[in-house]
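Visitor: First to last, the protein sequences are chains U and C. All you need for our numbering is the position in the first sequence, starting with 1, plus 4. All you need for our numbering is the position in the second sequence, starting with 1, plus 4. Glycine residues also receive a C-beta, built at the ideal position from the N, C-alpha and C atoms. This structure is a prediction, so every number in the text was calculated from the model and none was measured.
There are 2 protein chains.
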Amino acid sequence: MSFIATPQSLHFEAPLPLQSGASIRGYDLTYETYGQLNAERSNAVLICHALNASHHVAGIYEGQARSEGWWDNMVGPGKPVDTDRFFVIGVNNLGSCFGSTGPMHVNPDTERVYGADFPVVTVEDWVNAQARLLDALGIQQLAAVMGGSLGGMQALSWTLQYPERVRHAVVVASAPNLSAENIAFNEVARRAIVTDPDFHGGHFYQHGVVPARGLRIARMIGHITYLSDDVMNAKFGRELRPPTLPASHGALPPEGALAPRGGPSALDAPPVPAYRYSTQDIEFQIESYLRYQGDKFSEYFDANTYLLITRALDYFDPARAFGGDLTQALARATCKFLLVSFSTDWRFSPARSREIVKALLENRRDVSYAEIDAPHGHDAFLLEDERYVGVVRSYFESFAGEAR
Amino acid sequence: MSFIATPQSLHFEAPLPLQSGASIRGYDLTYETYGQLNAERSNAVLICHALNASHHVAGIYEGQARSEGWWDNMVGPGKPVDTDRFFVIGVNNLGSCFGSTGPMHVNPDTERVYGADFPVVTVEDWVNAQARLLDALGIQQLAAVMGGSLGGMQALSWTLQYPERVRHAVVVASAPNLSAENIAFNEVARRAIVTDPDFHGGHFYQHGVVPARGLRIARMIGHITYLSDDVMNAKFGRELRPPTLPASHGALPPEGALAPRGGPSALDAPPVPAYRYSTQDIEFQIESYLRYQGDKFSEYFDANTYLLITRALDYFDPARAFGGDLTQALARATCKFLLVSFSTDWRFSPARSREIVKALLENRRDVSYAEIDAPHGHDAFLLEDERYVGVVRSYFESFAGEAR
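1. Go ahead and pull the three-state DSSP assignment for U:Tyr319.
2. Nearest-angstrom Cα distance between U:Ala251 and C:Leu182?
3. Contact criterion: CB-CB distance below 8 angstroms. Does U:Val198 meet it with respect to chain C?
4. Assuming C:Asp32 is part of the beta strand (DSSP E), what are its boundary residues?
5. Does any residue of chain U have a CB that is nearer than 8 angstroms to the CB of C:Asn181?
6. Skipping 5 residues on each side, what residues in its chain have a beta carbon closer than 8 angstroms to that of C:Asn367?
7. For the 8 angstroms Cβ check, are there 3 or more pairs between the segment 190-206 of chain U and the segment 290-304 of chain C?
8. Please classify U:Tyr3 as buried or exposed, where buried requires at least 16 other C-beta atoms within 10 Å of its C-beta.
9. Please name the residue or residues paired with C:Lys340 in a DSSP beta bridge.
10. Residues in its own chain within less than 6 angstroms of U:Met236 by CB, not counting five upstream and five downstream?
11. Going along the chain, which residues of its own chain have a beta-carbon closer than 6 angstroms to the beta-carbon of C:Ser302, five neighbours each way excluded?
12. If I follow the unbroken alpha helix (DSSP H) through C:Ile228, where does it start and stop?
13. Given that U:Tyr279 touches chain C, what residues does it touch there, using C-beta distances under 7 angstroms?
14. How about C:Ser357: is its C-beta nearer than 8 angstroms to some C-beta of chain U?
15. Please classify C:Arg169 as buried or exposed, where buried requires at least 16 other C-beta atoms within 10 Å of its C-beta.
16. I need the straight-line Cα distance from C:Asn42 to C:Thr309, nearest angstrom please.
17. Put U:Tyr304 into one of helix, strand or coil per three-state DSSP.
18. Spell out whether any CB of chain C is found under 8 angstroms from the CB atom of U:Leu138.
19. For U:Met224, would you say it is in contact with chain C, using Cβ-to-Cβ distances shorter than 8 angstroms as the test?
20. Is there a C-beta anywhere in chain U that falls below 8 angstroms from the one on C:Ala378?
21. Let me see if you follow: with CB-CB separation under 8 angstroms, is U:Phe189 close to chain C or not?
22. So with Cβ pairs under 8 angstroms, would you call U:Ala69 a contact of chain C?
23. Just mark C:Gln68 as buried or exposed, buried being the case when its beta carbon has 16 or more other beta carbons within 10 Å.
24. According to DSSP, is U:Leu387 part of a helix, a strand, or is it coil?
25. Compute the Euclidean distance between the alpha carbons of U:Phe91 and U:Leu50, then round it to the nearest angstrom.
26. Residues of chain C with CB closer than 7 angstroms to the CB of U:Asp415, please, in chain order.
27. For C:Asn237, return the contacting residues in chain U, with the cut-off set at a CB-CB distance below 7 angstroms.
28. For U:Phe288, return the contacting residues in chain C, with the cut-off set at a CB-CB distance below 8 angstroms.
29. Taking the CB atoms as reference points, tell me whether U:His4 and U:Pro19 lie closer together than 8 angstroms.
30. Considering only their Cβ atoms, is the gap separating C:Thr34 from C:Phe102 smaller than 8 angstroms?
31. Using a threshold of 8 angstroms, state whether the C-beta atoms of C:Leu317 and C:Asn190 are closer than that.
32. Please confirm if C:Val124 has its CB atom under 8 angstroms from at least one CB of chain U.
33. Taking only beta-carbon positions, decide if C:Gln297 is within less than 8 angstroms of chain A.
34. Would you call the segment 202-211 of chain U and the segment 115-129 of chain U touching, i.e. three or more CB-CB distances under 8 angstroms?
35. Determine the burial state of U:Leu146: buried for a count of at least 16 other Cβ atoms within 10 Å of its Cβ, exposed for fewer.
36. Do we get a CB-CB distance below 8 angstroms when we pair U:Gly241 with the residues of chain C?
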């Protein structure tokens with residue numbers, strides 16, 4: 005049983021200057037809050053979302069079963085980020101497609117849908133927009149900012165852009181920048197979208213189509229990088245998709261589907277289901293799973309948003325202005341940190357988190373670091389893992405009583 | 005300086021039964037041979053190719069500079085596979101697009117181009133076709149069969165399908181089957197091709213188009229998996245593509261391209277080239293490299309062949325008929341083995357080669373195994389590495405004097 009969450013929206017008329025040199029004005033931010041802001045306005049926690057998530061961090065929507073927020077296991081009454089003690093804010097980032105102003109909205113300057121003309125937004129731009137939201141909510145300082153993956157990059161950037169406004173930062177399964185391989189996967193996904201004939205240069209809305217083919221490919225690629233090789237082998241291995249049966253046959257495979265094979269010990273071995281020998285039909289369970297994930301994603305996610313968000317990932321690199329020296333880059337941070345990584349995460353491996361930990365320690369910052377031995381790859385940051393959840397709970401408990 | 009290679013072709017009229025239950029007749033195999041078959045016909049070495057290679061293993065074509073075969077560093081006079089001592093055969097596999105009968109050829113039964121109707125071929129089918137070629141060349145037994153990656157799977161399969169016809173097998177950077185993750189990457193590549201509107205269900209030839217968009221994506225994905233994270237970071241890292249300059253500016257970037265950044269130590273740091281802030285233009289060198297590889301590939305590779313060859317990879321699984329017991333599956337092999345893997349190969353990691361080594365040792369077979377500490381990922385099997393090349397040379401020298 006979860007609580008009822010209610011999305012809200014705020015309009016910002018004043019132009020927000022962006023890193024690119026452009027600016028955006030007359031935009032909306034959609035957000036949710038859980039729990040109560042205390043009298044000192046000192047118990048606010050900002051949760052930053054990753055690629056395909058939103059402001060809907062926790063709780064469910066009225067009358068919608070199974071509408072839990074994406075971090076509902078982490079945030080709520082009595083949960084590790086305890087909404088009985090903290091005032092938690094989730095906000096949909098600019099350029100996203102879940103409520104805040106994005107490519108499918110109208111540009112007030114041109115009175116046309118942005119489409120591909122939506123300005124390029126960066127992690128730093130998002131943090132600036134989030135800071136304006138906090139201003140509007142009357143919150144000067146966050147008890148904590150927290151995020152996983154791209155959300156972790158935002159949390160880290162908060163400590164650099166607004167060091168005086170953050171007391172704690174929780175950076176989960178993240179990295180100080182993308183590796184060449186990370187960028188490469190993003191680029192393939194973007195090319196799949198951009199070269200889909202239904203993309204129409206990013207102005208597909210006016211053609212009444214969406215580049216679903218490209219989005220499907222993008223999501224399939226993404227999904228592979230979210231999972232570990234181990235968990236894929238455990239969940240799917242080389243298992244074949246069961247043959248489609250006429251309803252009357254029930255759950256048992258028809259005779260013909262089980263073809264015994266020759267060979268010295270074929271008589272002892274269990275019967276081997278026959279291959280279909282097709283290049284286009286689904287043969288393996290993993291194919292079925294990926295196609296399903298791709299189909300689902302292409303039905304709700306905006307293609308221009310996908311381009312924007314993967315580019316924000318590519319561009320994030322706080323050490324860049326310091327000749328690549330992360331220690332110098334993180335010198336501005338003053339808050340306390342918890343970093344968490346997962347052993348089988350090959351998208352943002354523990355080594356990437358350790359780079360951040362090392363740079364913070366070299367600046368003599370207060371850093372806790374947990375490397376969780378979990379089989380689930382990058383996805384682990386969204387999953388229930390006793391040790392992981394326990395670490396986050398302990399960390400938040402350590403400062404829940406703080407009065408500032 | 006390399007020698008001149010000359011492709012040849014043989015026609016096979018009799019139907020070749022395929023694993024799928026279908027058969028193919030009236031097909032051609034394109035091949036090349038290097039060196040001289042000895043009087044005992046005992047010095048033949050068959051080289052099996054991987055995904056996008058061909059019969060052109062070594063040498064160059066008359067009048068074509070830079071037309072070296074794909075394993076020219078490994079095969080030739082005085083090279084590790086020494087054509088002064090061995091008679092080396094390279095053969096293009098059925099279904100490929102470099103000369104042997106494939107999807108772009110005419111089905112003699114229907115007198116129409118095969119297209120997507122080309123029968124699904126497996127590693128075992130290729131080995132059977134290669135065996136027929138050897139029959140035609142009057143070669144009863146191979147001194148060695150050798151291949152890397154998918155080529156290594158063919159070499160392994162030779163030792164199981166025709167144990168009495170192979171004295172040595174050299175299996176490089178290969179695996180006993182594909183993992184779920186391997187299949188997943190293949191599936192995304194196939195979906196990119198099949199969902200390209202120019203694919204026309206695999207019958208694009210008659211529409212005068214090729215599914216170049218899909219092929220580009222497929223190749224980009226492939227390329228990422230061929231390289232290690234390390235080598236990608238070393239070669240490309242986060243380097244930006246240099247700005248395009250008017251010719252008169254020469255190699256120096258224009259003033260505006262170097263924008264110094266703010267921050268505590270920006271004065272000491274070298275100037276930071278400006279981001280372009282674009283979601284569709286090339287920003288990073290790695291993007292430029294991948295797009296180039298994709299473009300090049302889409303100009304010469306056949307889309308139906310790509311589907312067939314990735315499927316042959318998916319299907320290969322000699323342990324399958326033995327309830328997954330690789331030791332039982334490899335009991336049939338009688339020859340001697342050399343296995344080679346590369347430390348940073350994450351497509352077919354050393355652990356996968358070790359599975360084969362272990363299964364062979366459990367059958368008390370004569371196995372040499374070299375795990376080469378090389379930074380290049382899966383691609384290492386095609387590259388010059390002193391230790392790797394040395395191991396192969398020593399292995400071939402060990403039996404070059406054999407008289408059988």
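Guide: Quick answer:
1. Residue state for U:Tyr319 is assigned as helix, using DSSP reduced to three classes.
2. In this predicted model, U:Ala251 has a pLDDT of only 44, less than 50, meaning its place in the structure is not dependable enough to derive any value.
3. Yes - at least one Cβ of chain C is within 8 angstroms of the one on U:Val198.
4. It spans 31-38 - the beta strand (DSSP E) in which C:Asp32 sits, taken as one unbroken run.
5. For C:Asn181, the answer is yes, since a Cβ of chain U falls inside 8 angstroms of its Cβ.
6. Closer than 8 angstroms at Cβ, skipping near neighbours: Thr331, Leu334, Ala335, Ala337.
7. At 8 angstroms Cβ cutoff, the stretches touch.
8. The requested residue 3 of chain U is not part of the displayed model; chain U covers only 5 to 408.
9. C:His172.
10. Around U:Met236: no qualifying Cβ.
11. Excluding sequence neighbours, C:Ser302 sits near Ala216, Leu219, Arg220.
12. Where C:Ile228 is concerned, the enclosing alpha helix (DSSP H) stretches over 216-230.
13. In chain order: Tyr319.
14. Put simply, the CB of C:Ser357 is far from chain U, with every gap to its CB atoms at 8 angstroms or more.
15. With at least 16 other beta carbons inside 10 angstroms of its own, C:Arg169 counts as buried.
16. C:Asn42 and C:Thr309 have their alpha carbons spaced roughly 35 angstroms apart.
17. In the structure shown, the three-state DSSP call for U:Tyr304 is helix.
18. Closer than 8 angstroms: no.
19. Taking 8 angstroms as the threshold, the shortest C-beta distance from U:Met224 to chain C falls below it.
20. So no, C:Ala378 is outside the interface.
21. Put simply, the CB of U:Phe189 is near chain C, with a gap under 8 angstroms to one of its CB atoms.
22. So no, U:Ala69 is outside the interface.
23. Of the other Cβ atoms in all chains shown, fewer than 16 fall within 10 Å of the Cβ of C:Gln68; this residue is therefore exposed.
24. Residue state for U:Leu387 is assigned as coil, using DSSP reduced to three classes.
25. When only Cα atoms are considered, U:Phe91 and U:Leu50 end up about 9 angstroms apart.
26. No information on residue 415 of chain U is available, as it lies outside the stretch 5 to 408 that chain U covers here.
27. Under the 7 angstroms cutoff, chain U gives Ser183, Ala184.
28. The answer, in chain order, is Ala184, Ile187, Glu191, Asp318.
29. There is no way to answer for residue 4 of chain U, as the model of chain U reaches only from 5 to 408.
30. A contact, by the Cβ cut-off of 8 angstroms.
31. Taking C-beta atoms as the reference points, C:Leu317 and C:Asn190 count as a pair closer than 8 angstroms.
32. So, interface residue.
33. In the displayed structure, chain A is absent; the protein chains listed are U and C.
34. Output reads yes: the segment 115-129 of chain U touches the segment 202-211 of chain U.
35. With 16 or more other Cβ atoms within 10 Å, it is buried.
36. Nearest CB-CB separation between U:Gly241 and chain C: below the 8 angstroms threshold.
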